[in-house]
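Please read the structure below before turning to the comments.
Residue numbers (this note's numbering), protein chains in the order written: chain A, 12 to 291; chain B, -6 to 156.
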């Protein structure tokens, strides 16, 4: 009688099960390893992205700061006069300053705001008299005016198209009069005192935060800018001013992922090119 | 009575039950696992690469902007800038492959100038832009024998990066 192969024999099944078990175990081990590696790489990328974000924020703000306006509070906070915006005076008479529109059809808008200007901001106007220096005053009032507030296309700083479109200019009333030599065309910058600090949030994580320090006594609430960073005791953020050089160093560190492994870190060297009012 | 089938081998084939194999499902399972593993590794690598390319592009854009500003400060000043009316703009552009640097100088009157340098750099498909503002003035150059003009930075605050 002829036998037909009607299914797997017991020996075949056992071999198949053993093989499947071995392959599955190897695959599972590889998957666990790969998943752990992927998680580590993702966390590392995330940490680096956070550090990049913190670095970009610090660099953007502090590079524009004047060396003589910057001071360290301990080693985890830096107080500075941050740039609110730059412009050129369209009208500058006595205590009145009118700046061209920031929203402009011009190829090169004269006014660039990083933050909206506010009452209490420090206004620095370049005075060409003598060797040239920056005159400072405080903004007593800030208004956005569509009527131009005396700024006309004849000044060269307001385009005819912006004038017709009634693009709003910024009108500032200062707490003191500007000298006549700081007239139309004078470069203007608005500044606000602030502080970058390492703070601990409600979720117990540490982050780089910004505190506004002008306008009211002391500094305002900390607003997180980038994080999470390592704790203060783990050097999450450390500032160092290099003696005798206009240079600020900031060391940023991400939180530890494992007990014995330090987190990703980044060292940022900021060359301070500006001075508040002084000579070059 | 059933009709007889034509030949014996065909009869045997029809009588045999279908044999359930395990090699194909196992191979498919292994392939899926392998694909997941490769996808995980690739995802991590791509993330790393993008971050690194962004850093490289930004560094290149910053270097290009700084270099253009240094060129502007080091070179002799164009005397016609002094004759430009307030608000008038003069620009130049430099293109190297896909990277560009545009330098625009705007007259503010009284020899004061406002230079805006926009540098764009690419690294592996990732783009970075850096805009630098410099406040400058045109002053007589006392260094050479002939009377000439040069570009000088404003005293005190003169430089910033714009958003």
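Every residue gets a Cβ at the ideal spot worked out from N, C-alpha and C, and that includes glycine. Computed from a prediction, not measured in an experiment: that's the story for all the values here.
Which value, in whole angstroms, describes the spacing of the CA atoms of residue 244(A) and residue 81(A)? 24 Å
Helix, strand or coil, according to DSSP, for residue 225(A) in the structure here? coil
Distance between residue 89(A) and residue 257(A) (C-alpha atoms, nearest Å): The alpha-carbon of residue 257(A) is positioned some 14 Å away from that of residue 89(A).
Backbone CA spacing between residue 171(B) and residue 52(B) [nearest angstrom]: With chain B covering only -6 through 156, there is no way to say anything about residue 171(B).
Is residue 38(A) near residue 26(B), with beta carbons less than 8 Å apart? Yes; because the gap between Cβ atoms is below 8 Å, this pair is in contact.
Report the start-end ranges of each beta strand (DSSP E) in the region 166 to 248 of chain A that is 3 residues or longer and not cut off at the edges. 180 to 185, 198 to 211, 217 to 223, 234 to 240
8 Å CB neighbourhood of residue 285(A) in its chain, flanking five on each side removed: 75, 76, 77, 78
Taking its Cβ as the centre, do 16 or more other Cβ atoms sit within 10 Å of residue 275(A), making it buried, or is it exposed? buried
Residue 84(B) beta carbon less than 8 Å from that of residue 95(B): yes
Is there a Cβ of chain A sitting closer than 8 Å to that of residue 89(B), yes or no? no
Exposure of residue 154(A), with buried meaning 16 or more beta-carbon neighbours within 10 Å: exposed
Does DSSP put residue 159(B) in a helix, in a strand, or in coil? Shown here, chain B extends from -6 to 156; a query on residue 159(B) therefore has no answer.
Nearest neighbour of residue 263(A), chosen from 279(A), 255(A), 130(A), 166(A) [CA to CA]: 279(A)
Since residue 110(B) contacts residue 58(B) with CB under 8 Å, what's their CB separation in whole angstroms? 5 Å
Chain B within 8 Å of residue 262(A), Cβ atoms only: no
Nearest to residue 232(A) by alpha carbon, out of 211(A), 59(A), 191(A)? 211(A)
Classification of residue 30(A) by the beta-carbon crowding that lies within 10 angstroms, buried from 16 upward: exposed
Residue 61(A) to residue 36(B), Cα distance in whole Å? 18 Å
Give the single residue among 146(A), 250(A), 182(A), 22(A) whose Cα lies nearest to the Cα of residue 209(A). 250(A)
Over the uninterrupted alpha helix (DSSP H) stretch that includes residue 47(B), give me the two end residues. Looking at the DSSP string, the run of the alpha helix (DSSP H) that includes residue 47(B) is 16 to 67.
Is residue 115(A) helix, strand or coil when you go by DSSP? coil
Just how far apart, CA to CA, sit residue 99(B) and residue 169(A)? 13 Å
Euclidean distance between Cα positions of residue 71(A) and residue 176(A): Spanning the two alpha carbons is a distance of roughly 32 Å.
Answer with buried or exposed for residue 66(A), where buried requires no fewer than 16 other C-beta atoms within 10 angstroms of its C-beta. buried
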